[in-house]
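The structure appears right after this line, and notes come after that.
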Amino acid sequence: MWNPRQRRLKPLACGMEELRRRRREREAALRKARREQQLVSKRLLREDAQEEIGGEAAATTLGEAEVQQLLRLAQWGTDEKEREKALVSLRHGLQHPETQQTFIRLESSMRTLVGLLTSNRALLQLEAARCLHELSHSEQSTVAEACLPATSYLLTYLSGHSSDFIELCLYTLGNLIVESEAVRRQLLPQGIIPALAACIQSPHAAVLEALGYALSQLLQAKEAPEKIIISILDSTLPKHMLRLMLPGPKLSPGVAVEFAWCLHYIICSQVNNALLITHGALSTLGLLLLDLAGAVQRTEDAGLELLICPVIRCLSNLLTDVPVEAVGGQMELIDERVMAALFILLQFFLQKQPSLLPEGLWLLNNLTANSPTFCTSLLSLDLIEPLLQLVPLSNVVSVLVLTVLCNVAEKGPAYCQHLWPGPLLPCLLNTLALSDTEVVGQSLELLQLLFLYQPEAAQDFLQQSGLQALERHQEEAQLQDRVHALWQTALHG
Numbered sequence: 001m002w003n004p005r006q007r008r009l010k011p012l013a014c015g016m017e018e019l020r021r022r023r024r025e026r027e028a029a030l031r032k033a034r035r036e037q038q039l040v041s042k043r044l045l046r047e048d049a050q051e052e053i054g055g056e057a058a059a060t061t062l063g064e065a066e067v068q069q070l071l072r073l074a075q076w077g078t079d080e081k082e083r084e085k086a087l088v089s090l091r092h093g094l095q096h097p098e099t100q101q102t103f104i105r106l107e108s109s110m111r112t113l114v115g116l117l118t119s120n121r122a123l124l125q126l127e128a129a130r131c132l133h134e135l136s137h138s139e140q141s142t143v144a145e146a147c148l149p150a151t152s153y154l155l156t157y158l159s160g161h162s163s164d165f166i167e168l169c170l171y172t173l174g175n176l177i178v179e180s181e182a183v184r185r186q187l188l189p190q191g192i193i194p195a196l197a198a199c200i201q202s203p204h205a206a207v208l209e210a211l212g213y214a215l216s217q218l219l220q221a222k223e224a225p226e227k228i229i230i231s232i233l234d235s236t237l238p239k240h241m242l243r244l245m246l247p248g249p250k251l252s253p254g255v256a257v258e259f260a261w262c263l264h265y266i267i268c269s270q271v272n273n274a275l276l277i278t279h280g281a282l283s284t285l286g287l288l289l290l291d292l293a294g295a296v297q298r299t300e301d302a303g304l305e306l307l308i309c310p311v312i313r314c315l316s317n318l319l320t321d322v323p324v325e326a327v328g329g330q331m332e333l334i335d336e337r338v339m340a341a342l343f344i345l346l347q348f349f350l351q352k353q354p355s356l357l358p359e360g361l362w363l364l365n366n367l368t369a370n371s372p373t374f375c376t377s378l379l380s381l382d383l384i385e386p387l388l389q390l391v392p393l394s395n396v397v398s399v400l401v402l403t404v405l406c407n408v409a410e411k412g413p414a415y416c417q418h419l420w421p422g423p424l425l426p427c428l429l430n431t432l433a434l435s436d437t438e439v440v441g442q443s444l445e446l447l448q449l450l451f452l453y454q455p456e457a458a459q460d461f462l463q464q465s466g467l468q469a470l471e472r473h474q475e476e477a478q479l480q481d482r483v484h485a486l487w488q489t490a491l492h493g
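Residues in the sequence shown are numbered from 1 upward in steps of one, following the UniProt record's numbering.
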C-alpha cells in the first residue's frame, strides 16, 4: 500500500550594486557546484568594476625583494600618501597566487600588515584590510591560516562605524571561515556569533548581504551541526533573519537571498527546526513564496530564481519535520493561494529554469503528503491537468508528479473521484510504456490506490488494454510483485 512520504532535499564599468548582483549569480552557480562536487566558494570584493573584471590577468607578480620594499614603504614611508600607494601596489600584487605565497613565506610580513590594519590612519587601515581580503580569496589553505593573527582584529572592526569597512571585514572573514578549520576554532570562542548578531541590526543592505554571506560560510562547516548551529539558534540571529526575509517595500533581494540560504543550511541540520517554526519561519516563507509568484508574473528578471530556490527548499524541508495541519494558526500556508503560487512558479521554471522543476515538485509533494487541505486545493483549483502536462519532461519529474498524485489518491474515495475519469488514464498508460523502473513503479502504486477507492477505474483500465501494458513488466524483478497484485485487483477487485 502507498505510504505517503515527505522528503528532505537534502561586469564592465558599472556600479557596486551591479557587481553585487553578479557576485550573487556566481555564488549561486558555485553553491550548486559545491553541492555536487564539494567545492569551496569564496567572494572577492574589489574597489571598482575594472578590478573586478581584470582580476589576476592584470596583476603583476611581485618577488620577495619587491614585497619587502613595499612593506617597508607602507610602514616607514615619508608621508601617508606614499605609504598608502605602497599598500595599493602590494594589494594589486597579492591578486597573484605566486605573490601570495611569497608574502606568507616572509617572516614579518603578516605582523607588518596587522600593524597597519590596527594603525590610527583610516586610509592605511582600509588598504591593509583590502590586502587581507585578497589573501583570503586564495585557494591555498596555508594562506588562510597565515591570516590567523588578523582575524580577531577583523572581528573587532565589525562594531565600527564605516559600513564599507564592515562589509569588507565580513567578506574577508567569510572567505577565511570556509577555508580553514583553524580559523573557525579561533573565531568561535572570540565571539563571532555575537558579533554577527550585532551586525544584523545594521541599516545598510550591503553590510547585511555581506553578513549573510559570512554566516552561510560558517553554517556550511562540517562541524556546524554539532558546534555552531546550536549557538546560532540560541542567539537573536534567526529572528532577525526572518524579519529581513518578510516581503514588503523594505525587502532587499540580495539580503533575502543570503539569509534564505542560511536558513536552508540551518533547517537541513535538523538541530531544532521546531524553534524556527515558533519564530514564524513557515509563515514568513509562505508569504515570501506568494510574493515571489507575483514577482515572476510582473518581471522578466531571471535573477529571481536565486531567491526562489532556497525559499522552496526551506519550506520543503521544514514540512518534513512538522505535519502541516499541526502548525495551526501560526502558519499561513493553509491557503489556496499557496497552491496557486506554487503552480505559477512551476510554470516559470518550465519556461525559464527547467532545472528547478524538481525543487518545486518536492515542495508540492511535502505539502500534499499529510494534508487533505492541500490535496483539496489541488483539486478545487483544477491543477491536475497542468500537473500531468509535466510528466513527459523527464523521468525525475514523472516520478515526482506521480508521487503527488499518490498523495491525493491516498486520501480516499472522494479524492479519487476527482482524479478519474479524465486525462489520468492515458497518462498512466504512457508511463507504463516506459522502461524506467521507478516511473513504472510509481504508476503501479497510483493505479493500485485508484482501483481500491474507485472500482470504475479498473474497468476503464481493462477496456484500454491495460493488461497488455502490464505484461511488458511481468519479468522485471523489481516490479513483479506489484504487477501481479495490480493484475489481480484489476480482474477480481
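All C-beta atoms in this analysis are idealised placements derived from N, C-alpha and C, irrespective of residue type, glycine included.
For a test of the three-state rule: what should DSSP assign to residue i, helix, strand or coil?
i	result
Gly-360	helix
Lys-239	helix
Ile-200	coil
Asn-272	coil
residue 522	For the chain, the structure presents residues 1 to 493; residue 522 sits outside this window and is missing.
Ala-65	helix
Asp-481	helix
Met-245	coil
Glu-167	helix
Thr-118	coil
Ala-458	helix
Cys-147	coil
Pro-421	coil
Leu-381	coil
Ala-206	helix
Gly-160	coil
Ala-369	coil
Thr-60	coil
Leu-39	Only weak support is given to the placement of Leu-39: the predicted model assigns it a pLDDT of 43, under 50, and the value that follows is read from those uncertain coordinates. The answer is coil: DSSP assigns Leu-39 none of H, G, I, E or B.
Lys-81	helix
Lys-227	helix
His-96	coil
Lys-411	coil
His-133	helix
Thr-299	coil
Asp-335	coil
Lys-250	coil
Ala-293	helix
Ala-182	helix
Gly-212	helix
Lys-352	helix
Hey, out of the options, whose CA is closest to residue i's CA?
i	options	result
Leu-356	Leu-306, Leu-318 and Pro-386	Leu-306
Ile-228	Met-245, Cys-262 and Pro-247	Cys-262
Leu-315	Glu-336, His-264 and Leu-350	His-264
Cys-416	Thr-78, Ala-74, Leu-123 and Ala-457	Ala-457
Leu-237	Phe-461, Pro-253 and Pro-194	Pro-194
Leu-251	Gln-270, Ala-206 and Ser-269	Ala-206
Asp-460	Asp-436, Leu-429, Glu-336 and Val-143	Leu-429
Val-67	Gln-474, Gly-93 and Pro-392	Gly-93
Ala-144	Ser-231, Leu-290 and Met-110	Met-110
Val-257	Asp-79, Ile-177, Gly-303 and Asn-175	Gly-303
Val-396	Pro-426, Ala-369, Pro-354 and Pro-421	Pro-354
Glu-438	Leu-287, Leu-424 and Arg-482	Arg-482
Leu-287	His-240, Met-241, Ser-269 and Val-338	Val-338
Lys-352	Tyr-171, Ile-308 and Lys-239	Ile-308
Leu-244	Ala-224, Gln-270, Cys-199 and Arg-185	Cys-199
Leu-176	Thr-142, His-492 and Glu-476	Thr-142
Asp-291	Pro-249, Met-241, Ser-162 and Gln-270	Pro-249
With a threshold of 8 Å on Cβ separation, who are the neighbours of residue i within its own chain once the five nearest residues in sequence on each side are excluded?
i	result
Leu-318	Ile-267, Asn-273, Leu-276, Ile-277, Ala-281, Leu-282 and Leu-285
Pro-413	Tyr-453 and Gln-454
Gly-360	Ile-312, Leu-342, Leu-345, Leu-346 and Phe-349
Ala-433	Ala-469 and Arg-472
Thr-112	Leu-71, Ala-74 and Gln-75
Glu-336	Ser-377, Ser-380 and Leu-381
Once you ignore the five residues that flank residue i on each side, which residues in its own chain have a CB closer than 7 Å to its CB?
i	result
Gly-160	Ile-166
Val-440	Thr-431, Leu-432, Leu-434, His-473 and Leu-479
Cys-169	Ala-129, Leu-154, Tyr-157 and Leu-158
Ala-340	Leu-381
Lys-411	Pro-372 and Cys-375
Leu-364	Leu-342 and Val-404
Pro-386	Phe-343
Val-399	Glu-438, Val-439 and Gln-442
Ile-230	Val-271
Please return the same chain residues whose Cβ sits closer than 6 Å to the Cβ of residue i, not counting the five positions on each side in sequence.
i	result
Ala-197	Ser-235, Thr-236 and Leu-237
Arg-105	none
Do three or more CB pairs link the stretch 268-281 to the stretch 289-299 at distances below 8 Å?
no
Between the stretch 93-107 and the stretch 133-141, do at least 3 Cβ pairs fall closer than 8 Å?
yes
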